[in-house]
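Note sheet for the following structure.
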Amino acid sequence: MIRRPPRSTPKPSSAASDVYKRQIHKVKMINENRSKVAVIGCGFFATNHILSWSNFKDVDLVGVCDLDEEKAINASNISKGTPYFTDAELMLKEVRPDVVDIITTAPSHYHLAKLAASLNISAIIQKPMAPSLKEATKIVDLAETTKTPMMVHENFRFQQPIRDLKNFIANDNIGKHLFCKISFRTSFDIYTNQPYLKEVDQLVLMDLGVHVLDVARFLFGEATSICCRTQKTRSDIAGEDMATMMLGFSEERTAIVECTYGSKQVPDLFPETLVSVEGTNGAVTLGAGYQMIKRSGEKVETINAEPSVDDWCEKPWHVVQDSVKNTCRHWIDTVPQNLKPETSVDDNLKTLKLVEAAYQSAAKGGSLVTMGN
Ligand code: NAD
Ligand code: 89V
Numbered sequence: 176m177i178r179r180p181p182r183s184t185p186k187p188s189s190a191a192s193d194v195y196k197r198q199i200h201k202v203k204m205i206n207e208n209r210s211k212v213a214v215i216g217c218g219f220f221a222t223n224h225i226l227s228w229s230n231f232k233d234v235d236l237v238g239v240c241d242l243d244e245e246k247a248i249n250a251s252n253i254s255k256g257t258p259y260f261t262d263a264e265l266m267l268k269e270v271r272p273d274v275v276d277i278i279t280t281a282p283s284h285y286h287l288a289k290l291a292a293s294l295n296i297s298a299i300i301q302k303p304m305a306p307s308l309k310e311a312t313k314i315v316d317l318a319e320t321t322k323t324p325m326m327v328h329e330n331f332r333f334q335q336p337i338r339d340l341k342n343f344i345a346n347d348n349i350g351k352h353l354f355c356k357i358s359f360r361t362s363f364d365i366y367t368n369q370p371y372l373k374e375v376d377q378l379v380l381m382d383l384g385v386h387v388l389d390v391a392r393f394l395f396g397e398a399t400s401i402c403c404r405t406q407k408t409r410s411d412i413a414g415e416d417m418a419t420m421m422l423g424f425s426e427e428r429t430a431i432v433e434c435t436y437g438s439k440q441v442p443d444l445f446p447e448t449l450v451s452v453e454g455t456n457g458a459v460t461l462g463a464g465y466q467m468i469k470r471s472g473e474k475v476e477t478i479n480a481e482p483s484v485d486d487w488c489e490k491p492w493h494v495v496q497d498s499v500k501n502t503c504r505h506w507i508d509t510v511p512q513n514l515k516p517e518t519s520v521d522d523n524l525k526t527l528k529l530v531e532a533a534y535q536s537a538a539k540g541g542s543l544v545t546m547g548n
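In this note's numbering, the protein residues as written are 176 to 548.
Printed below as a string of structure tokens:
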């Protein structure tokens, strides 16, 4: 049954759920240009997805679901009373969305992707796609065999400053590309919002490396090799929280990619990603505070590349929140038009292969691992 909380939402209790007025709202397609979206997983990060979808004029958020009813009710409340559920299958069968946005943690992704595919519903899966390359490959195979469009919500490449930087280097402004550096260094307490990160054996490469390595692929294409060294900067976490990588690409191009949750440097730029790209005729740097300095030949230009702060966003998260909006928009602008999204599950598998290779390299003291592209 669809559940919609009454105006003043009481603290849910087992009895309370009987109080809620249950109505079957058949959300009709108002016209074929609208997309019906449902969300599974209403935890810490889901608010950004829910508010992104809610702010699109051509999207109807038709259902939100969490195993935890209180979280589902909260998600309903922040999205103007979207019907809420605690059973994903029931929701999908009731509301029949065009796409389901899976914003749970990685261990549940395959099961939920399989559920979506069984109902012929396109899926967007939060990163990391799966806890292992093996399971991610199962998702890719599932999407292919069932012909269900699936993409990964990998949003760092959709950060506006990084899109702007890519546009600059793509238009022959810096000549032949030579070198790229991508850096995400912080000691912001990510563990309070995401306590599960303390428990995972594969931490920074799987959680953050997956972002910065995808940016490396976005800027330089497929890597031919990777070397990686990892470190652990604190004793109360299970996995590594610092990684330093060197990637090789065709035509002798080289990238340094680094990510850590254990950097004590000041200022702490969380959640900014610093990027620089150098070529034979110029360079571009995305520095602290979104200052972008572009050089093409002898022409040098400094711009403010800071993304806008929509009314539902707040600094310093606005670059991430804006990228969530852009990533959600990317599904709308591709899949319904039968276009393949940039971060399709089969594309994102290549990023996960880099993560896997980074772990292999780190296990051998940083030795070079060749990518069989
Ligand atoms: P969370 O644990 O706070 O929330 C996940 C929610 O999913 C929980 O409330 C849980 O009850 C619910 N859930 C799990 N299985 C379910 C099921 N079968 N049906 C219904 N609900 C279910 O996690 P989070 O911190 O919000 O992270 C979610 C995902 O988003 C993770 O994969 C994380 O890596 C990713 N994330 C991405 C970004 C980013 O895009 N930049 C930032 C933070 C987190
Ligand atoms: O974006 C993410 O995946 C989060 C982070 C802390 C990096 O923002 O885990």
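Using N, Cα and C, we set each Cβ at its ideal position, and we do this for glycine too.
To the nearest angstrom, how far is the alpha carbon of residue i from that of residue j?
| i | j | result |
| --- | --- | --- |
| Asn456 | Ile344 | 11 Å |
| Glu452 | Val520 | The amino acid occupying residue 452 in the given sequence is Val; Glu does not appear at that position. Going from the Cα of Val452 to the Cα of Val520 covers about 27 Å. |
| Val499 | Thr312 | 24 Å |
| Leu317 | Thr435 | 33 Å |
| Ser425 | Gly350 | 15 Å |
| Lys255 | Ala538 | 49 Å |
| Asn295 | Val212 | 14 Å |
| Glu269 | Thr257 | 13 Å |
| Leu524 | Lys341 | 21 Å |
| Ala247 | Gln406 | 38 Å |
| Met266 | Lys469 | 49 Å |
| Glu310 | Gly472 | 47 Å |
| Arg404 | Leu308 | 20 Å |
| Gly218 | Cys503 | 17 Å |
| Pro282 | Lys373 | 15 Å |
| Ala480 | Ser293 | 42 Å |
| Glu517 | Ser542 | 30 Å |
| Leu226 | Ile253 | 8 Å |
| Ala418 | Glu319 | 33 Å |
| Ala430 | Asn249 | 43 Å |
| Trp228 | Gly540 | 44 Å |
| Gly454 | Gly396 | 15 Å |
| Gln535 | Leu529 | 10 Å |
| Asp382 | Asn330 | 13 Å |
| Val494 | Pro446 | 8 Å |
Can you tell which of the options has its C-alpha closest to the C-alpha of residue i?
| i | options | result |
| --- | --- | --- |
| Gly462 | Asp485, Ile478, Val270 and Lys211 | Ile478 |
| Met326 | Leu340, Gly384, Gln301 and Leu353 | Gln301 |
| Val387 | Val450, Leu267 and Lys289 | Val450 |
| Asp273 | Asp243, Gly238, Asn252 and Ile248 | Gly238 |
| Leu394 | Cys355, Gln334 and Asp262 | Cys355 |
| Leu514 | Thr526, Thr323, Leu290 and Tyr285 | Thr323 |
| Arg271 | Ser227, His286, Ala291 and Ser229 | Ala291 |
| Asn548 | Asn330, Ile401 and Phe445 | Ile401 |
| Gln466 | Gly472, Thr448 and Gly454 | Thr448 |
| Asp243 | Ser227, Phe260 and Arg392 | Phe260 |
| Gly555 | Ala288, Asn230, Asp233 and Arg209 | In the structure as shown, the chain begins at 176 and stops at 548. Residue 555 is therefore absent and cannot be evaluated. |
| Asp485 | Tyr534, Arg209 and Phe231 | Phe231 |
| Ala398 | Pro306, Ile337 and Leu527 | Leu527 |
| Ser251 | Asp233, His224 and Glu264 | His224 |
| Trp161 | Asp241, Ile365 and Ala305 | Given a span of 176 to 548 for the chain in the structure shown, any question on residue 161 remains unanswerable. |
| Thr460 | Asp339, Phe220 and Ser210 | Asp339 |
| Gln369 | Ala221, Gly384 and Thr545 | Ala221 |
| Asp443 | Gly464, Arg428, Trp487 and Cys488 | Gly464 |
| Asp233 | Leu529, Cys488 and Pro511 | Pro511 |
| Glu531 | Gln335, Pro303, Val214 and His286 | Pro303 |
| His328 | Ile337, Val385 and Asn346 | Val385 |
| Phe333 | Ala391, Tyr285 and Thr367 | Ala391 |
| Met421 | Val432, Pro482 and Gln496 | Val432 |
| Pro482 | Phe331, Ile314, Tyr371 and Asp497 | Asp497 |
| Asp522 | Val544, Val315 and Asp241 | Val315 |
Could you pull the start and end residues of the alpha helix (DSSP H) that residue i belongs to?
| i | result |
| --- | --- |
| Val387 | Val385 to Phe395 |
| Met266 | Ala263 to Val270 |
| Met523 | Per the sequence shown, the amino acid found at residue 523 is Asn instead of Met. Segment Val520 to Ala538, the alpha helix (DSSP H) holding Asn523. |
| Asp497 | His493 to Thr509 |
| Phe343 | Gln335 to Ala345 |
| Ser229 | Ala221 to Ser229 |
| Thr455 | Counting along the chain, Thr455 falls outside any alpha helix (DSSP H), and DSSP gives it neither H nor E. |
| Asp316 | Leu308 to Thr321 |
| Thr590 | Nothing can be reported for residue 590: it is not among the residues displayed for the chain, which extend from 176 to 548. |
| Leu353 | Unbroken run through Leu353 is the beta strand (DSSP E), His352 to Arg360; no alpha helix (DSSP H). |
Residue i lies in the beta strand (DSSP E); which residues open and close that run?
| i | result |
| --- | --- |
| Val432 | Thr429 to Thr435 |
| Thr408 | Note, Thr408: premise wrong, no beta strand (DSSP E); not H, not E. |
| Glu481 | First-last for Glu481: undefined, no H or E at that position. |
| Phe236 | First, the residue type needs correcting, since residue 236 is Leu and not Phe in the sequence shown. Val234 to Cys240 is the extent of the beta strand (DSSP E) around Leu236. |
With 8 Å as the threshold, decide whether the Cβ of residue i is near any Cβ in chain C.
| i | result |
| --- | --- |
| Asp273 | Here chain C cannot be found, since the structure has a single protein chain. |
Should residue i be counted as a contact of the ligand FAD given a C-beta to heavy atom distance under 7 Å?
| i | result |
| --- | --- |
| Asp382 | The model depicted lacks the ligand FAD and carries the ligand NAD and the ligand 89V instead. |
(Q) Does the structure place the stretch 353 to 370 close enough to the stretch 502 to 514 that three or more beta carbon pairs sit under 8 Å? (A) Result no; under three Cβ-Cβ pairs closer than 8 Å.
Q) Just checking, does the stretch 273 to 284 make contact with the stretch 293 to 308 on the three C-beta pairs under 8 Å criterion? A) Contact annotation: the stretch 273 to 284 touches the stretch 293 to 308, with at least three C-beta pairs closer than 8 Å.
Q) If you pair each beta-carbon of the stretch 364 to 380 with each one of the stretch 413 to 424, do three or more pairs fall below 8 Å? A) They touch, by the three-pair rule.
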